[in-house]
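A.B. asks: The following block contains the structure, expressed as C-alpha cells.
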Amino acid sequence: MGKGPTQRQLRVAELIRRTLSDVLARGDVHDPELTRVSITVGEVRTSPDLKVATVFVMPLGGLNRDEVLLALRRNKSELRRAVSKALTLKFAPDLKFALDETFDQMDETRRLFSDAQVLRDIAAPDEDEADQSNPGDGDDDPARR
Numbered sequence: 001m002g003k004g005p006t007q008r009q010l011r012v013a014e015l016i017r018r019t020l021s022d023v024l025a026r027g028d029v030h031d032p033e034l035t036r037v038s039i040t041v042g043e044v045r046t047s048p049d050l051k052v053a054t055v056f057v058m059p060l061g062g063l064n065r066d067e068v069l070l071a072l073r074r075n076k077s078e079l080r081r082a083v084s085k086a087l088t089l090k091f092a093p094d095l096k097f098a099l100d101e102t103f104d105q106m107d108e109t110r111r112l113f114s115d116a117q118v119l120r121d122i123a124a125p126d127e128d129e130a131d132q133s134n135p136g137d138g139d140d141d142p143a144r145r
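The following block contains the structure:
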C-alpha cells in the first residue's frame with residue numbers, strides 16, 4: 001500500500017485550494033461562465049513532485065456541472081498564473097479539474113440513514129451481541145458447578 005501525501009504536498013495543496021477559491025470568489029477570471037456562478041473548491045491533491053494538482057470543484061447547488069468544468073479547463077492557464085503568483089515553487093503545477101463527488105456521497109449516505117429499514121437494522125441489536133449480553137442461566141459456567 002502506498003504512503004499518503006507528505007506534509008509539503010498537503011501544504012501546497014491547501015495553498016492552491018485557498019488561492020483558487022479566492023480568485024473564483026472575487027471573479028478575477030475573465031469568463032462570464034465562471035463569474036456568474038459560485039464554485040466550491042473542495043479539495044486539491046498534488047502529485048509527489050508537485051507538478052500536477054487535481055482540483056476537485058462543485059458549482060453551488062450542483063447545477064451546470066459540465067459547463068463549469070469546461071469553463072475551468074478553458075481558463076486553466078489564467079488560473080495557473082494566479083496560483084503561480086501565490087506559490088514559491090520552481091514550477092507552477094499543471095491544474096487538472098474534476099467534479100467533487102463527496103457532496104453526492106454525503107447525500108446518498110444521509111438518504112440511506114434516513115431509510116426506515118436501515119434505521120430498523122441499526123436499532124435492532126445484533127444476534128451475536130444479544131447472545132453475549134444474555135448468557136442464559138449460567139449452567140455453562142464451569143466455576144458455578
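Using full-length UniProt numbering, the letters of the sequence shown correspond one by one to residues 1 to 145.
Quick reminder that beta carbons are idealized off the backbone N, C-alpha and C, glycines included.
1) Report back the beta-carbon spacing between Val44 and Ala13 to the nearest angstrom; my notes put them in contact at under 8 Å.
2) For the segment 110-120 against the segment 53-68, are there 3 or more C-beta pairs whose distance is under 8 Å?
3) What does the Cβ neighbour count give for Thr46, buried or exposed, with the cut at 16 atoms within 10 Å?
4) Who are the near neighbours of Lys76 in its chain, counting only those whose CB is closer than 7 Å to its CB and skipping five residues on each side?
5) How many angstroms separate the CA atom of Leu15 from the CA atom of Arg36?
6) Mind checking whether Val29 and Glu78 have CB atoms under 9 Å apart?
7) Please classify Thr6: does DSSP put it in a helix, a strand, or coil?
8) Considering Lys85, what are the terminal residues of the beta strand (DSSP E) in which it resides?
9) Applying the 10 Å Cβ sphere with the 16-neighbour rule, what's the burial state of Arg18?
10) Give the DSSP-derived three-state secondary structure of Glu101 in the structure shown.
11) Taking DSSP as the reference, what is the three-state secondary structure of Phe56?
C.D. replies: Quick answer:
1) For the purposes of this step, residue 44 is taken as residue 44 along the sequence shown, with counting starting at 1. For the purposes of this step, residue 13 is taken as residue 13 along the sequence shown, with counting starting at 1. Yes, they are in contact, since the Cβ atoms of Val44 and Ala13 sit about 4 Å apart, within 8 Å.
2) no
3) Taking the sequence shown and counting its residues from 1, the one referred to as residue 46 is at position 46. Buried, by the Cβ-count rule.
4) Within the sequence shown, residue 76 is the residue found at index 76, counting from 1. Taken in chain order, the residues that qualify are Leu95.
5) Along the sequence shown, read from residue 1 onward, the residue named residue 15 stands at position 15. Along the sequence shown, read from residue 1 onward, the residue named residue 36 stands at position 36. Cα to Cα, Leu15 sits roughly 24 Å from Arg36.
6) As a position in the sequence shown, residue 29 is number 29, starting the count at 1. As a position in the sequence shown, residue 78 is number 78, starting the count at 1. Against a cut-off of 9 Å, the Cβ pair of Glu78 and Val29 comes out as a contact.
7) For the purposes of this step, residue 6 is taken as the residue at position 6 of the sequence shown. The answer is coil: DSSP assigns Thr6 none of H, G, I, E or B.
8) Translated into positions along the sequence shown, residue 85 becomes position 85. Per DSSP, Lys85 belongs to no beta strand (DSSP E); it is in the alpha helix (DSSP H), Lys76 to Ala86.
9) Within the sequence shown, the letter at position 18 stands for residue 18. Looking at its Cβ environment, which holds fewer than 16 other Cβ atoms inside 10 Å, Arg18 is exposed.
10) Taking the first residue of the sequence shown as position 1, residue 101 is located at position 101. Looking at Glu101 - three-state DSSP - the assignment turns out to be coil, as it is neither helix nor strand.
11) Here residue 56 refers to the residue found at position 56 of the sequence shown. In the structure shown, Phe56 sits in a strand (DSSP, three-state: E or B).
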